[in-house]
Every structure is written in structure tokens, then in C-alpha cells.
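> Once you've had a glance at the structure underneath, I'll fire off some questions.
Number of protein chains: 2
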Amino acid sequence: MPERVSVVENILSANDRLADEIQHQLNESHVFAINLMASPGAGKTTLIERTIEHLSGLFRIGMINGDIATSLDADRAAAAGAQAVQINTGGECHLDAVMLQQGLRKLDLTQLDLLLVENVGNLVCPASFRLGTHKSVLIASTPEGDDKPYKYPGMYRGVDALVINKIDLLPYISFDMDRFRQGVEILNPGVITFPLSCRTQDGITPWIDWLVFNIQNYREK
Amino acid sequence: MPERVSVVENILSANDRLADEIQHQLNESHVFAINLMASPGAGKTTLIERTIEHLSGLFRIGMINGDIATSLDADRAAAAGAQAVQINTGGECHLDAVMLQQGLRKLDLTQLDLLLVENVGNLVCPASFRLGTHKSVLIASTPEGDDKPYKYPGMYRGVDALVINKIDLLPYISFDMDRFRQGVEILNPGVITFPLSCRTQDGITPWIDWLVFNIQNYREK
Numbered sequence: 001m002p003e004r005v006s007v008v009e010n011i012l013s014a015n016d017r018l019a020d021e022i023q024h025q026l027n028e029s030h031v032f033a034i035n036l037m038a039s040p041g042a043g044k045t046t047l048i049e050r051t052i053e054h055l056s057g058l059f060r061i062g063m064i065n066g067d068i069a070t071s072l073d074a075d076r077a078a079a080a081g082a083q084a085v086q087i088n089t090g091g092e093c094h095l096d097a098v099m100l101q102q103g104l105r106k107l108d109l110t111q112l113d114l115l116l117v118e119n120v121g122n123l124v125c126p127a128s129f130r131l132g133t134h135k136s137v138l139i140a141s142t143p144e145g146d147d148k149p150y151k152y153p154g155m156y157r158g159v160d161a162l163v164i165n166k167i168d169l170l171p172y173i174s175f176d177m178d179r180f181r182q183g184v185e186i187l188n189p190g191v192i193t194f195p196l197s198c199r200t201q202d203g204i205t206p207w208i209d210w211l212v213f214n215i216q217n218y219r220e221k
Numbered sequence: 001m002p003e004r005v006s007v008v009e010n011i012l013s014a015n016d017r018l019a020d021e022i023q024h025q026l027n028e029s030h031v032f033a034i035n036l037m038a039s040p041g042a043g044k045t046t047l048i049e050r051t052i053e054h055l056s057g058l059f060r061i062g063m064i065n066g067d068i069a070t071s072l073d074a075d076r077a078a079a080a081g082a083q084a085v086q087i088n089t090g091g092e093c094h095l096d097a098v099m100l101q102q103g104l105r106k107l108d109l110t111q112l113d114l115l116l117v118e119n120v121g122n123l124v125c126p127a128s129f130r131l132g133t134h135k136s137v138l139i140a141s142t143p144e145g146d147d148k149p150y151k152y153p154g155m156y157r158g159v160d161a162l163v164i165n166k167i168d169l170l171p172y173i174s175f176d177m178d179r180f181r182q183g184v185e186i187l188n189p190g191v192i193t194f195p196l197s198c199r200t201q202d203g204i205t206p207w208i209d210w211l212v213f214n215i216q217n218y219r220e221k
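Line by line, the protein sequences are chains A and B.
The opening residue of the first sequence carries number 1 in the numbering used here; numbering runs sequentially from there.
The opening residue of the second sequence carries number 1 in the numbering used here; numbering runs sequentially from there.
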């Protein structure tokens, strides 16, 4: 089906061009943006809530949530104190740059320092669509199993940081952290990882410190 | 982008025609087939292992596993005693009927009673591609959270049965079974559900009984 292939390639390169425009637009307003990706239920929204709670005194935070059908996640981020925008993807399995641009129009970027973009819960498709954010973060969770880097290499390969959520459940499940880390190391050598529990807040501080460091570093450029 | 839309529609209807052919082929060989779908890490492969252990004395079982990159799951099913075939989707986020047909060519259908098809771990895309199996089953897991029916309605709407795995973790997580069930009931009224733990085997028996009932019912037709 060469016709389909060329159409898909055109869509991807158009997406990349728009992603570059989005990054330019963010930089004009000095907004540091992160694309948060994960499997359904890994804890994206809860990590965003915790992050907003820790950083809302330091930075003005916006959140764009891509979801297939509801606004539950944006509601939670707004309740935690962020400017929050919901994008319903209408069944699409990922955010793309067009959708993000539509979401950005609903935010006042001049009033933001940090933008958290919550992608659709999916370990496959979001990896193929650049959004123009400055960093990509994958949130894994221990109940998903230690084999996930081996099975979803595209996602693990492309991210700048890896959160390992739900470490409070380790005593109750089979999860070999060494096997998990070996899989990650093959795909993404040296990637920074944050084992933590959004529930107990154990391990949250290094994650928050990494965000603060990156935002400050971005501003100094 | 009307061009893209019409290409996608053509692909879907071609997929449906091929799914009908696959069901015809399965029926010629009297093989009852199930499409197992879930989020990454919900426990598809572990449920398949448990199912093979319980049913291998009663039925001849085959397993086709769709995975992006590895053969870890097919290896586990083969170790548990099934004829197992691995389909690497090469990055695709779902199985489609073409891929399943290719997998079926590697199995001797005359030597099978039950075929378990393990789809790619994804709560979005697999819902759009019929495979020609007789039943579709969704495996949810409690650590994913009780909001998943609300957020992934397409997947919850289309299945014939719902397994709720990892009930052994309920004491350690926030999961409101009533809220979860209400979401399911709106989308898929009366769908049969199997709360169970593949780890402790608690609740496995009703699931096995349902499979046995369906296989016997299929044979009597």
C-alpha cells in the first residue's frame, strides 16, 4: 500500500514542522514544557497533581491533557492549582502537534513558567509524534511488570527521563528492578530514573529537584 | 485530509472482510477463538498461562501473540504447553486481520480446540480492528485505576467479557470497585465480569468455567 505509506509519511513530517513551531512559540514566552507519556493507569495525572502541589509556590504551571473521552484529568489538575486545558482526541490514540497547538491557544502562555502535557495513556503511538516540548518523560509503574522496556522499546528509547511509579507496591508484586533497569539501559543508556511513589510521596524530591534544575537551566539560556 | 480518511476507511472495511474469512476458517476446523486485549502489564500473558494450565487436560490450545518487538510472551505460553506463534507487529499498536491470518498459517488448526489471541498491550487501537475471533475479552487490572472505563470507552464498550485482574492488590491501592463497575455498566450493560488474581489464583474458577461453557456451546452448534 504505497499510497498509504506516503500519506502517513507526509503526516509525520508535517507534524515535525509544527512541533518546531510550537517549540519556537514556547520559547518566545519562556515556557518550559514537558511531554508526559505512560501506559493507562501508570499514574500520569497523580504525578502531575503531586508536581503542581510541590511547585505551585515557585512557578506558574499550565497543564494540557490529551484524553480520548473525558475531562477527569484536567479537572484534577485544575483542582490542584494549574491552568488546565482538556483536549479530547475523539478516539485518537496519541496527541499530535496539531492538537497541542489547539490546546495552547486556550492558555495564556505569558502567565506560565512550566507546561505539563499529559499524553494519551498508550505505550506505543505517542512515541511517534513529536510535540515540540523540551523534554519527554515516561512514567512506568511497577505493577506493569519488569518486561515493559523489552516489549515497548520505541517508547523507552526516546525519553529524557524515566519515572518508576508505585514503588510502594514492590513488596506485593513480582517486579525485578535489575531486569527492568537492564532493559532500560540497553535502549536508553544513562537515562535518569526516578523510582518513587505518588501515593506515599517516597522518592518525589529528586523528581521535583530535576524539574527545578531543568526549568532554571532553560531560563539561563 | 479527506484522502487520508478514505484510505483509512478502505483499510478498515478490508480488515472486516478478512476477519469474516478468518472466522469461517476457524469454524471449518471447529476452533473457538478469543481475542484478549488489555493495557500493557494488565496480565494478559499470565492469565493465558493460568488458563493453559487449567485447560490443557481438556482442550488442545493454541496461542497467537502480537507483540511489538519480542517473543517473551509466546515463549511463556509455549512453556505452559500451548502451540504458540509470535507475531512481531514491527511497531504497529494493534493486531489486524492480516497479521492474524499470517499467524494462523503457522498453526495446525486441525489439532486445536481453543485459540487464545493476545493482542498488543493498548487500550485504544485494538478496539478498532476485528480479528474474526468468536469472543473479545478485556483484562483490566486494579492498579490501573477505577477511572479506566470512563477514559477508554471504545475498548470497554466492545467486549464480551471483562476480567478484573490483580484483586490481591486491592488492600494496597485506591480502587473503588463500585465506581469502576458503574462505568462499565454504562458502556456495556450486563457484561460478565471476572474479578480475579492470576497471582493467587483467587477467582480463577469462574473464568475457566465461562471458557469451558463457551467452548462446549460453540461445539454444539
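We put the beta carbon where it would ideally sit given N, CA and C, even for glycine.
Just so you know, these numbers come straight off a predicted model, no measurement behind them.
Cα separation between Ile22 of chain A and His30 of chain A?
As a working note, residue 22 of chain A is residue 22 in the first sequence. As a working note, residue 30 of chain A is residue 30 in the first sequence. Rounded to the nearest angstrom, the two C-alpha atoms are 12 angstroms apart.
> Establish whether the CB of Ile173 of chain B and some CB of chain A are separated by less than 9 angstroms.
Sequence index remark: in the second sequence, residue 173 of chain B carries index 173 (1-based). Closer than 9 angstroms to some Cβ of chain A, the Cβ of Ile173 of chain B qualifies, so yes.
> Listed in chain order, which residues of the region 138-154 of chain B have Cβ atoms closer than 8 angstroms to some Cβ of chain A?
Under the 8 angstroms Cβ criterion, the region 138-154 of chain B contributes Ser141, Pro143, Glu144, Gly145, Asp147, Lys148, Tyr150, Lys151, Tyr152, Pro153 and Gly154.
> Which word fits Leu12 of chain B, buried or exposed, when buried means at least 16 other C-beta atoms lie within 10 angstroms of its C-beta?
What you label residue 12 of chain B is simply residue 12 of the second sequence in a count that begins at 1. Under this definition Leu12 of chain B is an exposed residue.
> Name the one or two DSSP bridge partners that Gly223 of chain B has.
Residue 223 of chain B falls outside the range modelled here, since chain B spans only 1 to 221, and no answer is possible.
> Taking only three categories from DSSP, how would you classify Val163 of chain A?
Along the first sequence, read from residue 1 onward, the residue named residue 163 of chain A stands at position 163. Residue state, collapsed to three classes: strand.
> Alpha helix (DSSP H) containing Phe32 of chain B: first to last residue?
The residue you call residue 32 of chain B lines up with position 32 of the second sequence. Taken as a continuous stretch (DSSP letters only), Phe32 of chain B belongs to no alpha helix (DSSP H), being part of the beta strand (DSSP E) at Phe32 to Ala38.
> May I ask which residues mark the beginning and end of the beta strand (DSSP E) holding Lys135 of chain A?
Working through the first sequence from its first residue, we reach residue 135 of chain A at position 135. Where Lys135 of chain A is concerned, the enclosing beta strand (DSSP E) stretches over Lys135 to Ser141.
> Measure the alpha-carbon distance for Lys151 of chain B versus Met37 of chain B and round it to whole angstroms.
By one-based count along the second sequence, residue 151 of chain B stands at place 151. By one-based count along the second sequence, residue 37 of chain B stands at place 37. Their backbone Cα atoms lie some 16 angstroms apart in a straight line.
> Give me the Cβ distance between Ala69 of chain A and Ala77 of chain A, rounded to the nearest whole Å; I'm assuming they're in contact under 8 angstroms.
Mapped onto the first sequence, residue 69 of chain A falls at position 69. Mapped onto the first sequence, residue 77 of chain A falls at position 77. The pair is not a contact, with the Cβ atoms about 17 angstroms apart (cut-off 8 angstroms).
> Enumerate in chain order the residues of its own chain whose CB-to-CB distance from Ala74 of chain A is below 6 angstroms, with the five nearest sequence positions on each side excluded.
Sequence index remark: in the first sequence, residue 74 of chain A carries index 74 (1-based). Once the five neighbours on either side are set aside, the close Cβ partners of Ala74 of chain A are Asn65, Ala84 and Gln86.
> Please state if the CB of Ile139 of chain B and the CB of Arg47 of chain B are separated by a distance shorter than 9 angstroms.
Counting from 1 along the second sequence, the entry for residue 47 of chain B is found at position 47. Counting from 1 along the second sequence, the entry for residue 139 of chain B is found at position 139. It is Leu, not Arg, that sits at residue 47 of chain B in the sequence shown. Their beta carbons are under 9 angstroms apart, which means Leu47 of chain B touches Ile139 of chain B by this criterion.
> If you run the structure through DSSP and keep just helix, strand and coil, what is Asp67 of chain A?
On the first sequence, residue 67 of chain A is found 67 positions in, with the first residue counted as 1. In the structure shown, Asp67 of chain A sits in a strand (DSSP, three-state: E or B).
> Curious, which full-length alpha helix (DSSP H) runs of at least 4 residues does the region 157-221 of chain A contain?
Counting whole runs of 4 or more residues, the region 157-221 of chain A contains the alpha helix (DSSP H) stretches 177-187 and 204-220.
> What residue range is occupied by the uninterrupted alpha helix (DSSP H) comprising Gly91 of chain A?
Locating residue 91 of chain A in the first sequence gives position 91, where the first residue counts as 1. No alpha helix (DSSP H) contains Gly91 of chain A, which DSSP labels as neither H nor E.
> Are the C-beta of Asp73 of chain A and some C-beta of chain B separated by less than 9 angstroms?
For this step, residue 73 of chain A is matched to residue 73 along the first sequence. Asp73 of chain A counts as touching chain B.
> The alpha helix (DSSP H) with Tyr152 of chain A in it runs from where to where?
On the first sequence, position 152 is the one that residue 152 of chain A refers to. Note, Tyr152 of chain A: premise wrong, no alpha helix (DSSP H); not H, not E.
> Any beta carbon from chain A within less than 9 angstroms of Val85 of chain B's own beta carbon?
Residue mapping note: residue 85 of chain B aligns to position 85 of the second sequence, counting from 1. Output row for Val85 of chain B: interface = no.
> Do we get a CB-CB distance below 9 angstroms when we pair Ser39 of chain A with the residues of chain B?
Mapped onto the first sequence, residue 39 of chain A falls at position 39. Yes, Ser39 of chain A lies at the interface with chain B (some Cβ there is under 9 angstroms from its Cβ).
> Within 8 angstroms, do at least three Cβ pairs link the region 55-64 of chain B to the region 142-158 of chain B?
In short, these stretches do not touch, since the Cβ pair count stays below three.
> For a contact defined as C-beta to C-beta under 8 angstroms, what are the partners of Leu169 of chain A on chain B?
Start at 1 with the first residue of the first sequence, and residue 169 of chain A comes out as number 169. Under the 8 angstroms cutoff, chain B gives Pro143, Leu169, Tyr172 and Ile173.
> Between which two residues does the alpha helix (DSSP H) carrying Arg50 of chain B extend?
For the purposes of this step, residue 50 of chain B is taken as residue 50 along the second sequence, with counting starting at 1. That run of the alpha helix (DSSP H) goes Lys44 to Leu55.
> For His54 of chain B, collect the residues of the same chain with a Cβ closer than 8 angstroms to its Cβ; drop the 5 residues on either side in sequence, then sort them by chain order.
Locating residue 54 of chain B in the second sequence gives position 54, where the first residue counts as 1. Excluding residues within five positions, the ones whose Cβ falls inside 8 angstroms are Ile204 and Ile208.
> Given a threshold of 16 other Cβ atoms within 10 Å of its Cβ, counted over all protein chains shown, does Thr110 of chain A qualify as buried or as exposed?
The residue labelled residue 110 of chain A in the question sits at position 110 within the first sequence. So Thr110 of chain A ends up on the exposed side.
> In chain B, which residues lie with their C-beta within 9 angstroms of the C-beta of Lys166 of chain A?
Numbered from its first residue, the first sequence carries residue 166 of chain A at position 166. The contacting residues are Pro143 and Ile173.
> Using a Cβ-Cβ cut-off of 9 angstroms, state whether Asn122 of chain B counts as contacting chain A.
For the purposes of this step, residue 122 of chain B is taken as residue 122 along the second sequence, with counting starting at 1. Answer yes: the Cβ-Cβ gap between Asn122 of chain B and chain A drops below 9 angstroms somewhere.
> So, is Glu118 of chain A buried or exposed, given that buried needs 16 or more other C-beta atoms within 10 angstroms?
Taking the first residue of the first sequence as position 1, residue 118 of chain A is located at position 118. With 16 or more Cβ atoms within 10 Å of its Cβ, Glu118 of chain A is classed as buried.
> Report the neighbours of Gly91 of chain B on chain A: residues whose CB is nearer than 7 angstroms to its CB, in chain order.
Your numbering for residue 91 of chain B matches position 91 in the second sequence. The contacting residues are Gly154.
> Looking only at C-alpha atoms, which of A:Pro40, A:Phe32, A:Asp147 and A:Leu196 sits nearest to Asp178 of chain A?
Position 178 of the first sequence, counted from the first residue, corresponds to residue 178 of chain A. Among A:Pro40, A:Phe32, A:Asp147 and A:Leu196, the Cα nearest to that of Asp178 of chain A is on A:Asp147.
> Give me the residue from A:Asp96, A:Leu170 and A:Ser141 with the minimum Cα distance to Asp20 of chain A.
Position 20 of the first sequence holds residue 20 of chain A. That would be A:Asp96, whose Cα lies nearest to the Cα of Asp20 of chain A.
> Taking the straight line between their C-alpha atoms, what separation do you get for Gly91 of chain A and Glu144 of chain B?
Here the question's residue 91 of chain A lines up with position 91 in the first sequence. Here the question's residue 144 of chain B lines up with position 144 in the second sequence. Taking the straight line from one Cα to the other gives about 19 angstroms.
> Do you know how far the Cα of Ala127 of chain B is from the Cα of Gly158 of chain B?
Residue mapping note: residue 158 of chain B aligns to position 158 of the second sequence, counting from 1. Residue mapping note: residue 127 of chain B aligns to position 127 of the second sequence, counting from 1. Straight-line Cα distance between these residues: approximately 7 angstroms.
> Just the Cα atoms here: how many angstroms apart are Asp176 of chain B and Leu72 of chain A?
Here residue 176 of chain B corresponds to residue number 176 of the second sequence, with the count starting at 1. Here residue 72 of chain A corresponds to residue number 72 of the first sequence, with the count starting at 1. Each residue's alpha carbon lies about 15 angstroms from the other.
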